[in-house]
Amino acid sequence: DAGVIQSPRHEVTEMGQEVTLRCKPISGHDYLFWYRQTMMRGLELLIYFNNNVPIDDSGMPEDRFSAKMPNASFSTLKIQPSEPRDSAVYFCASSRRGVGWQPQHFGDGTRLSIL
Amino acid sequence: GEDVEQSLFLSVREGDSSVINCTYTDSSSTYLYWYKQEPGAGLQLLTYIFSNMDMKQDQRLTVLLNKKDKHLSLRIADTQTGDSAIYFCAENGDRQLTFGSGTQLTVLP
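For the protein sequence lines, the chains are L and S, in the order given.
Just so it is clear: in the first sequence, position 83 is 92 by this note's numbering, and no numbers are missing.
Just so it is clear: in the second sequence, position 55 is 1195 by this note's numbering, and no numbers are missing.
Okay, here's the thing in structure tokens:
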């Protein structure tokens, strides 16, 4: 079975450029999560969706960050304009709803470097 | 608020047992999880335990849950070099998972 698929795996770009990260969740999962991982702050939840609807975006750092989920099989996280402090590994995860929270399954992440 | 704490580092000799500890604060957690992260990879679900259980065993992995003390541990028997990774404990709070900071396990030959 295909897991969560993220692209690109690596992105290096200059400060001020727009960055778009992509995620395809596991088929049949109705929850999708975006995380950011840094050495300083660990794993932070940025936003999550249920049935394509954003439920909690309180972790989104500022207005430069936006996320969309136009359908059940695709989500994007966009940073515009990007800044060096946005450099991190960004993970997408998906899960099914069940009794309590079901385990989240993670993609391999996008390693983002802003110069 | 919800908080999950883990020690940052653990070193063991190959063949020994490893015990990684975690404390959490949300007593309403239904499940508690252990994830493993290898370099350059995402988090891989290792195992999880339902909050009404005390113990769960899965091959070399044993999870112990002390609900009274809100303490969770992961024991890895016969630790191998391939077990070197970061291990994250996580609890499901009211609306989402809360992860600990991760424990870097180093297995020495």
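Glycine residues also receive a C-beta, built at the ideal position from the N, C-alpha and C atoms.
Close partners of L:Tyr57 in chain S (Cβ separation under 8 Å): Gln1236. Under the three-pair Cβ rule at 8 Å, the region 30 to 37 of chain L does not count as touching the region 1142 to 1150 of chain S. According to the DSSP assignment, S:Lys1196 belongs to the beta strand (DSSP E) that extends over 1195 to 1198. The continuous beta strand (DSSP E) containing S:Asn1161 extends over residues 1158 to 1164. Inter-residue distance for L:Pro93 and L:Ser16 is about 20 Å (C-alpha atoms, whole angstroms).
Contacts between L:Pro112 and chain S, judged by CB atoms closer than 7 Å, involve Tyr1173, Leu1185, Tyr1188 in chain order. Looking at S:Phe1228, S:Gln1236, S:Leu1248, S:Asn1232, the one whose alpha-carbon comes closest to that of S:Gly1242 is S:Phe1228. The beta carbon of S:Gly1182 falls within 7 Å of a beta carbon belonging to chain L, placing the residue at that interface. Linking L:Ser122 to S:Ser1213 through their CA atoms gives a straight-line distance of about 35 Å. As computed with DSSP, L:Val98 is found in a beta bridge with L:Gln46, L:Arg120. By the Cβ neighbour-count rule, L:Met49 is exposed, with fewer than 16 other Cβ atoms within 10 Å of its own. For L:Gly51, the enclosing beta strand (DSSP E) has its first and last residue at 51 to 59. Scanning chain S for C-beta atoms nearer than 9 Å to the C-beta of L:Gly116 yields Gly1182, reported in chain order.
By the beta-carbon neighbour count (other beta carbons within 10 angstroms, threshold 16), L:Thr47 is exposed. With distances taken between CA atoms, S:Val1247 lies nearest to S:Ile1226 out of S:Ile1226, S:Gln1236, S:Ala1230, S:Glu1231.
With a cutoff of 7 Å on beta-carbon distance, L:Leu41 and L:Ser103 are scored as near each other. Per DSSP, S:Thr1170 lies in no beta strand (DSSP E) segment and is marked neither H nor E.
In the DSSP assignment, L:Val13 forms no beta bridge with any residue.
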